[in-house]
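Have a look at the structure below before the remarks.
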Ligand code: ATP
Ligand code: MG
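Residue numbers (the working numbering): 154 to 609.
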């Protein structure tokens with residue numbers, strides 16, 4: 154039996170106070186949207202939204218200190234106890250001519266009309282803030298119970314109005330672990346032209362939110378099946394059905410998804426995991442010697458492909474650099490032959506700041522082979538220990554760690570500022586990587602004189 158009432162004790166005091174304030178002014182209030190859905194699922198809601206029959210001018214009067222975040226659409230943000238709550242006048246729907254936002258909004262007096270404009274039935278449930286009565290005209294509770302994500306009303310119409318909804322559908326399949334209703338899924342492909350108009354920043358935000366799911370692959374499978382991914386990231390589709398080699402149980406596509414799911418990092422790290430083998434499809438070659446496929450250089454090629462993808466998704470410069478460098482450096486095969494110098498050189502190449510990322514990515518990558526991976530995990534553990542010991546010994550990893558600097562070189566060698574300084578410092582770092590004992594002022598200066606003399 155679905156409950157007809159929810160005990161309002163689960164709603165934060167600040168939210169109930171806010172509703173009480175509206176009521177004292179003769180207005181009605183409902184708690185609505187994702188927070189109701191999360192409450193019914195027994196998950197902690199991330200934000201609380203209130204709907205009310207108070208019109209925008211009333212809202213500004215009743216909450217004089219509220220931020221008029223979207224007052225033309227009837228939304229104000231009330232800040233209480235450091236938290237933000239959105240209070241929105243009940244709205245019907247205008248027409249959408251741009252596939253992004255309604256041309257006009259109509260304020261209505263009826264909660265059912267407000268719920269009708271929402272995207273999915275599970276997001277179209279309201280609680281009367283007076284008595285906790287559940288208002289659920291589209292069967293959202295029954296869909297939650299059956300584990301189904303279904304559009305409110307005609308899915309084709311709803312997806313044609315606002316192109317973001319198809320991507321929200323994919324995200325909710327992953328984050329709420331629901332199955333997509335077949336009629337809702339079937340409406341995605343025919344409405345992709347509306348999805349194409351969605352700003353890249355909004356697509357990126359949905360990708361990032363998707364990465365918070367336990368298994369984001371659920372969303373990416375929806376995106377692949379429906380054509381959403383063909384719009385956003387066709388590069389990934391080339392791995393679909395592409396067989397790998399004896400080390401792998403999955404095709405290139407599934408391996409990327411498994412790696413993303415297994416990767417326990419933040420959203421950007423998980424996106425790097427999704428993309429880490431994007432260079433494989435264009436580098437696959439058959440080896441007669443091993444009677445198997447090889448993917449030479451797929452890390453380098455993959456980094457070249459990951460760069461425009463991260464740019465297209467409007468990731469920040471730092472995020473782009475992080476994704477590209479993880480794809481570039483994801484491949485390493487640590488063995489007992491790695492000397493201390495080899496480990497120092499590897500740290501310099503991948504960057505000391507990226508070590509934790511690479512460990513997490515490699516752990517997920519080897520698990521995502523879907524075959525025996527114990528030996529790989531042991532190798533990773535040995536690499537970590539070796540890196541730790543090299544770092545503990547105070548290895549010089551950049552020219553800043555050298556016991557001489559550019560000023561010393563200019564003074565002691567009598568040279569003028571210029572490119573030569575940087576070249577000598579690089580040569581010294583190279584020498585110190587091979588032999589840390591060289592990192593003493595006199596030894597470095599002597600070495601610097603040799604480097605200077607041997608320049609053409
Ligand atoms: P989240 O857990 O990400 O906060 P949410 O469902 O609460 O998920 P919000 O973006 O906070 O999503 O939106 C709150 C509510 O507004 C939704 O539950 C839904 O009812 C409605 N909504 C949001 N975006 C759309 C949209 N693009 N089309 C229709 N309704 C929407
Ligand atoms: Mg929300």
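Just so you know, even glycine gets a beta-carbon here, dropped at the ideal spot from N, CA and C.
Given the structure is predicted, the values throughout are model-derived calculations rather than measurements.
Distance check for residue j and residue i, CA to CA, integer angstroms please.
{"i": "residue 612", "j": "residue 513", "result": "Residue 612 is absent from the structure shown; the chain starts at 154 and stops at 609."}
{"i": "residue 415", "j": "residue 364", "result": "11 Å"}
{"i": "residue 432", "j": "residue 534", "result": "26 Å"}
{"i": "residue 610", "j": "residue 158", "result": "Here the chain has residues from 154 to 609 only, and residue 610 is not among them."}
{"i": "residue 561", "j": "residue 582", "result": "15 Å"}
{"i": "residue 612", "j": "residue 471", "result": "Here the chain covers residues 154 to 609 and nothing more, so residue 612 does not appear."}
{"i": "residue 565", "j": "residue 544", "result": "30 Å"}
{"i": "residue 358", "j": "residue 574", "result": "44 Å"}
{"i": "residue 125", "j": "residue 423", "result": "Residue 125 lies beyond the stretch modelled for the chain, which goes from 154 to 609, so this question has no answer here."}
{"i": "residue 289", "j": "residue 354", "result": "32 Å"}
{"i": "residue 169", "j": "residue 517", "result": "44 Å"}
{"i": "residue 291", "j": "residue 520", "result": "42 Å"}
{"i": "residue 154", "j": "residue 538", "result": "Note that residue 154 scores a pLDDT of 49, beneath 50, so its modelled location is shaky; the value from the coordinates is reported in the next line. Roughly 56 Å separates the two Cα atoms."}
{"i": "residue 195", "j": "residue 437", "result": "46 Å"}
{"i": "residue 389", "j": "residue 316", "result": "21 Å"}
{"i": "residue 362", "j": "residue 585", "result": "44 Å"}
{"i": "residue 609", "j": "residue 576", "result": "13 Å"}
{"i": "residue 227", "j": "residue 167", "result": "21 Å"}
{"i": "residue 447", "j": "residue 188", "result": "49 Å"}
{"i": "residue 407", "j": "residue 396", "result": "10 Å"}
{"i": "residue 210", "j": "residue 374", "result": "45 Å"}
{"i": "residue 492", "j": "residue 501", "result": "14 Å"}
{"i": "residue 490", "j": "residue 344", "result": "56 Å"}
{"i": "residue 417", "j": "residue 428", "result": "15 Å"}
{"i": "residue 664", "j": "residue 481", "result": "Absent from the model: residue 664. The displayed extent of the chain is 154 to 609, so no value can be given."}
{"i": "residue 485", "j": "residue 287", "result": "55 Å"}
Following the continuous beta strand (DSSP E) through residue i, name the residue where it begins and the one where it ends.
{"i": "residue 313", "result": "First-last for residue 313: 308 to 314, but that is the alpha helix (DSSP H), not the beta strand (DSSP E)."}
{"i": "residue 246", "result": "From DSSP, residue 246 is part of no beta strand (DSSP E); its letter is neither H nor E."}
{"i": "residue 578", "result": "From DSSP, residue 578 is part of no beta strand (DSSP E) but of the alpha helix (DSSP H) over 572 to 587."}
{"i": "residue 471", "result": "Premise fails: residue 471 lies in the alpha helix (DSSP H), 470 to 482, not in any beta strand (DSSP E)."}
{"i": "residue 184", "result": "182 to 185"}
{"i": "residue 447", "result": "445 to 447"}
{"i": "residue 528", "result": "Taken as a continuous stretch (DSSP letters only), residue 528 belongs to no beta strand (DSSP E), being part of the alpha helix (DSSP H) at 527 to 545."}
{"i": "residue 220", "result": "220 to 223"}
{"i": "residue 400", "result": "Neither: residue 400 is in no beta strand (DSSP E) and is coded neither H nor E."}
{"i": "residue 204", "result": "202 to 205"}
{"i": "residue 230", "result": "228 to 233"}
{"i": "residue 491", "result": "It is not in any beta strand (DSSP E) - residue 491 carries neither H nor E in the DSSP assignment."}
{"i": "residue 438", "result": "438 to 440"}
When burial is assigned at 16 or more other CB atoms within 10 Å of the CB, is residue i buried or exposed?
{"i": "residue 239", "result": "buried"}
{"i": "residue 183", "result": "buried"}
{"i": "residue 451", "result": "buried"}
{"i": "residue 530", "result": "exposed"}
{"i": "residue 351", "result": "buried"}
{"i": "residue 190", "result": "buried"}
{"i": "residue 616", "result": "This structure cannot settle anything about residue 616, because the visible part of the chain is limited to 154 through 609."}
{"i": "residue 221", "result": "exposed"}
{"i": "residue 163", "result": "exposed"}
{"i": "residue 178", "result": "exposed"}
{"i": "residue 542", "result": "exposed"}
{"i": "residue 283", "result": "exposed"}
{"i": "residue 369", "result": "buried"}
{"i": "residue 203", "result": "buried"}
{"i": "residue 409", "result": "buried"}
{"i": "residue 356", "result": "buried"}
{"i": "residue 567", "result": "exposed"}
{"i": "residue 536", "result": "buried"}
{"i": "residue 392", "result": "buried"}
Note the first and the last residue of the continuous alpha helix (DSSP H) segment covering residue i.
{"i": "residue 654", "result": "For residue 654 there is no data in the structure shown, the boundaries of the chain being 154 and 609."}
{"i": "residue 341", "result": "First-last for residue 341: undefined, no H or E at that position."}
{"i": "residue 559", "result": "559 to 566"}
{"i": "residue 381", "result": "381 to 385"}
{"i": "residue 279", "result": "Counting along the chain, residue 279 falls outside any alpha helix (DSSP H), though it belongs to the beta strand (DSSP E) covering 279 to 281."}
{"i": "residue 362", "result": "353 to 363"}
{"i": "residue 298", "result": "293 to 299"}
Within 8 Å (strictly less), CB to CB, does residue i reach chain C?
{"i": "residue 184", "result": "Considering every chain present, this structure includes no chain C. It has just one protein chain."}
Segment contact flag, the stretch 261 to 274 with the stretch 287 to 300, C-beta cutoff 8 Å, min 3 pairs: yes
Given 8 Å, three or more beta-carbon pairs between the stretch 513 to 531 and the stretch 551 to 559: no
Touch test, the stretch 447 to 464 against the stretch 475 to 482, Cβ-Cβ under 8 Å, three pairs minimum: yes
Given 8 Å, three or more beta-carbon pairs between the stretch 181 to 198 and the stretch 308 to 319: no
Around the ligand MG, Cβ to any heavy atom closer than 5 Å, ordered along the chain: 187, 200
Cβ contact check for the stretch 329 to 346 and the stretch 219 to 238: 3 or more pairs under 8 Å: no
At least three beta-carbon pairs within less than 8 Å, the stretch 359 to 379 to the stretch 337 to 346: yes
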